[in-house]
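Scroll down for the structure; my scribbles are underneath it.
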Amino acid sequence: MIEIRNLQKSFGNKEVLKGVNLKVNKGENFLLIGRSGAGKTVLLKNIIGLLRPDSGAIKIDGTDITQLDKAHLEKVRLQFGLVFQSSALFDFLTIEENVGFFLYQHTNLKKSVIRKKVTETLALVGLKGIEDLHPYELSGGMKKRVAIARAVIFNPKILIYDEPTTGIDPIAVDKIVALIEDLHTRLSITSVVVTHDLVVGLQLADRLAFLLGGKIIFQGDKKDLEGSNDQRLIQFMQGSSGGPIKEMEV
Ligand SMILES: Nc1ncnc2c1ncn2[C@@H]1O[C@H](COP(=O)(O)OP(=O)(O)OP(=O)(O)O)[C@@H](O)[C@H]1O
Ligand SMILES: [Mg+2]
């Protein structure tokens, strides 16, 4: 579904991605882990075409999006649902307008039809009766759910979650994880999840990759992870300050 080859991305003289190779299979829950500042969000932004790489290829369902012009890229982008690190809802719009944003922007559907679709999608993420509220009237956990509803409303093929559980309490985290799993099975979507929370991540993941020093230094399933002797991976999984990864190294 997603195949990345030798992807490089720098900002000025700061090299963030130094040759990333990655493969995400259709229908799987894929977990991307790495230290803060490693370049996980930058990698996601390249995958969805929000950032252009310096070199390398990103194939989405067989199409190399690095070669596409803006109009074609826009089309490919419609296959992605995005849940950003900070839920990124518009505070001046109601929940209905936020969740229905894409439908208001890209379709000619009647308001009543969009309203119905929004209500159904909110139900899918376990929310009801909040269509006319504004984001600032919701808790952090509810905002995450609304962000997920906004991402799934147009039936994307790929869902990208950047830190879906950051900043909410453990019970809410558990519910978000259950929701991600549920959406994954019900909608048979390919999901890419970035998280610091390894317990959450491993619970969700079919396969995972570890980004360190601008490269993917591990990629595999949980069995491969258990069998790995890479001390850098072991150090990261244990959250230990001692080991081959230096404090400043990302
Ligand atoms: N638009 C940009 N311009 C310049 N530098 C950037 C830009 N976006 C990201 N960076 C730099 O790229 C590096 C990686 O950032 P990124 O946000 O991808 O990290 P991350 O792995 O997502 O970290 P976190 O886990 O904290 O979210 C950082 O050093 C950041 O400062
Ligand atoms: Mg990030």
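For the sequence shown, the working numbering begins at 6 and goes up steadily by one. Don't be surprised by glycine CBs; every beta carbon is placed ideally from N, CA and C.
Contacts around residue i, its chain only, beta-carbon distance under 7 Å, and the 5 residues preceding and following it disregarded
i    : result
E3   : The structure shown does not extend to residue 3, since the chain is modelled only from 6 through 255, so no value can be given for it.
A214 : L27, L37, I221, F223 and Q224
K45  : L37, G39, V199 and L216
I70  : G54, I63, L78 and V81
T124 : E136
T99  : E136, D137, L138 and H139
V130 : R150, I153, A154 and L184
Cα-Cα separation between residue i and residue j, rounded to whole angstroms
i    : j    : result
E252 : D187 : 37 Å
S3   : N34  : Coverage of the chain is limited to positions 6 through 255, which leaves residue 3 absent and any answer about it impossible.
Q72  : E20  : 22 Å
Y109 : P249 : 51 Å
K180 : S117 : 30 Å
K80  : N234 : 42 Å
L132 : T126 : 9 Å
L114 : V255 : 46 Å
K162 : Q84  : 5 Å
I119 : E102 : 9 Å
G24  : Q13  : 5 Å
G145 : S15  : 33 Å
V151 : F89  : 11 Å
Q236 : R212 : 19 Å
V205 : L78  : 32 Å
T112 : V104 : 14 Å
I148 : D59  : Looking at the sequence provided, one finds Lys at residue 148 rather than Ile. Cα-Cα distance, rounded: 34 Å.
A210 : M242 : 14 Å
G134 : G17  : 47 Å
K31  : G219 : 25 Å
F159 : D66  : 18 Å
S193 : V178 : 22 Å
D226 : L48  : 20 Å
F97  : A156 : 19 Å
Neighbour-count burial assignment, residue i, 16 or more Cβ in a 10 Å radius
i    : result
S92  : buried
K75  : exposed
T195 : buried
K228 : exposed
R57  : exposed
E142 : exposed
A128 : exposed
E4   : This structure cannot speak to residue 4, because the chain is shown only from 6 to 255.
R191 : exposed
P175 : exposed
N51  : buried
A183 : exposed
D167 : buried
G244 : exposed
Own chain residues within Cβ distance below 8 Å of residue i, not counting five before or after
i    : result
Q240 : G247, G248, P249 and I250
I53  : R82, F85, L87 and I165
G172 : G145
F95  : E102, N103, F106 and P140
L238 : F215, I222, F223 and L230
Other residues of its chain near residue i: CB distance less than 6 Å, five sequence neighbours each side excluded
i    : result
H189 : N34 and S196
A43  : L216 and V255
D202 : T170
**OP:** Output the residue ranges of the beta strand (DSSP E) runs that lie fully inside the segment 67 to 96 and measure 3 residues or longer, sorted by chain position.
**Re:** Runs of the beta strand (DSSP E) spanning 3 or more residues and lying entirely within the segment 67 to 96 occur at 85 to 88, in chain order.
Original post:
Hey, which unbroken runs of the alpha helix (DSSP H) at 4 residues or more fall wholly within the segment 199 to 255?
Top reply: With a minimum length of 4 residues, the continuous alpha helix (DSSP H) runs that stay inside the segment 199 to 255 are 203 to 209, 227 to 232 and 236 to 243.
Subject >> Check your reading: residues with Cβ closer than 7 Å to ligand 2 heavy atoms >> reply: Output, sorted by chain position: K45, T46, Q90, D167, E168 and V199.
Original post:
Taking only runs of the alpha helix (DSSP H) that begin and end inside the segment 130 to 193, which ones reach a length of at least 4 residues, in chain order?
Top reply: Taking 4 residues as the minimum length, the alpha helix (DSSP H) runs contained wholly in the segment 130 to 193 are 145 to 157 and 175 to 192, in order along the chain.
Subject >> Minimum length 4: unbroken alpha helix (DSSP H) runs contained in the segment 36 to 61 >> reply: Secondary structure remark: continuous alpha helix (DSSP H) runs of at least 4 residues inside the segment 36 to 61, in chain order: 45 to 52.
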